[in-house]
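The numbers in our numbering rise by one with no breaks, and the one at position 15 of the sequence shown is 28. Heads up, the thing below is written out as structure tokens.
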Amino acid sequence: MEADVDQDGIKEIVATIGTAAETSIYKMDKEYLVSANLNKVMNAAIVMYDQESNTFKAEVTKDEMSQWKIEDDQLVPIP
14 MEADVDQDGI KEIVATIGTA AETSIYKMDK EYLVSANLNK VMNAAIVMYD QESNTFKAEV
74 TKDEMSQWKI EDDQLVPIP
């Protein structure tokens with residue numbers, strides 16, 4: 014799906030695949046397409062994007078889901 018996950022006015026591509034959700038973000042950086050696999054970045058078994066709240070839900074700790082957002086190109090936990 015396309016979504017402005019970092020709130021910079023430009024939509025990124027958010028792709029989630031698999032039963033144990035694996036999520037990647039793709040965006041243009043000048044003339045290059047860059048990507049980040051959030052499961053690897055967060056060392057999380059599951060990462061899902063919630064389009065309504067523009068946040069990510071991740072299982073960073075076994076059997077516990079936490080909520081995250083992107084601010085200033087950083088993943089930030091939501092208390």
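Every residue gets a Cβ at the ideal spot worked out from N, C-alpha and C, and that includes glycine. Since the model is a prediction, treat every value here as computed from it, not as a measurement.
Local conformation of residue i per DSSP, three classes
i: M55; result: helix
Short Cβ contact (9 Å threshold) for residue i with residue j
i: E25; j: K43; result: no
i: M55; j: V73; result: yes
i: L46; j: I38; result: no
Cutoff 7 Å; reference residue i; Cβ partners in own chain excluding five residues on either side
i: I23; result: D17
Beta bridge counterpart(s) of residue i as assigned by DSSP
i: A70; result: The sequence given here places Lys at residue 70; Ala does not occur at that position. In DSSP, K70 forms a bridge with M61, Q80.
Cutoff 8 Å; reference residue i; Cβ partners in own chain excluding five residues on either side
i: A33; result: A58, I59
i: M61; result: T29, A34, T36, F69, K70, A71
i: E15; result: K24, E25, I26, V27
Same chain, Cβ closer than 6 Å to residue i, five either side skipped, listed in chain order
i: D19; result: I83
Among the options, nearest to residue i - alpha-carbon criterion
i: S48; options: D63, D86, W81; result: D86
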